[in-house]
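Numbering (my numbering), first residue to last: 902 to 1010.
By construction, the Cβ of each residue, glycine as well, lies at the ideal position given by its N, Cα and C atoms.
Predicted model only: the values in this text are computed from it and were never measured.
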């Protein structure tokens, strides 16, 4: 049985980059986001299946690229052994819709 989570992207109407600097922000969720599904494995390995990449063993130490290293950091903080984690997104990267925050949120959930 697999588990599935969805974390929406967000956009700011006002207050771009002020919410973490003690300023005001008005943000809202959008209908696009990041999907993560976890399917049990018969071993203790945890594999990341990220759209557009070859599968990666999250237990390995070799740095690969930022998106994989971010997933590895989330996995180390909230380890889950014996699962395949499939991640896909329909958020445009770099469009100011908090795609990296949604990505990390989905992996942590």
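Environment of residue i [buried if 16+ CB atoms lie within 10 Å]
i	result
residue 919	exposed
residue 861	Since the first residue of the chain shown is 902 and the last is 1010, residue 861 is not available in this structure.
Assumed close pair residue i, residue j - CB separation to whole angstroms, cut-off 8 angstroms
i	j	result
residue 931	residue 916	So it is not a contact: roughly 16 angstroms between Cβ atoms.
residue 1009	residue 961	That belief does not hold up - the Cβ atoms of residue 1009 and residue 961 are roughly 20 angstroms apart, past 8 angstroms.
residue 950	residue 986	7 angstroms
C-alpha distance - residue i paired with residue j, whole-angstrom precision
i	j	result
residue 943	residue 973	20 angstroms
residue 907	residue 998	15 angstroms
residue 905	residue 990	13 angstroms
residue 983	residue 940	8 angstroms
residue 913	residue 969	27 angstroms
residue 952	residue 938	12 angstroms
residue 1000	residue 988	12 angstroms
residue 981	residue 927	34 angstroms
residue 995	residue 957	23 angstroms
residue 922	residue 902	42 angstroms
residue 924	residue 992	26 angstroms
residue 948	residue 933	25 angstroms
residue 977	residue 929	29 angstroms
Residue i: CB within 7 angstroms of a non-hydrogen atom of the ligand ADP
i	result
residue 967	Ligands in the displayed structure: none, and consequently the ligand ADP is not present.
Opposing strand residues paired with residue i [DSSP bridges]
i	result
residue 904	939
residue 954	In DSSP, residue 954 forms no bridge with anything.
residue 1010	None; residue 1010 has no bridge partner.
**OP:** Could you name each continuous beta strand (DSSP E) segment of 3 residues or more that falls completely within the segment 960–1000, going from the start of the chain to the end?
**Re:** Within the segment 960–1000, the complete beta strand (DSSP E) runs of at least 3 residues are 984–990.
Subject >> Every unbroken beta strand (DSSP E) inside the segment 908–944 [3 residues or more] >> reply: The segment 908–944 contains these whole beta strand (DSSP E) runs: 927–941.
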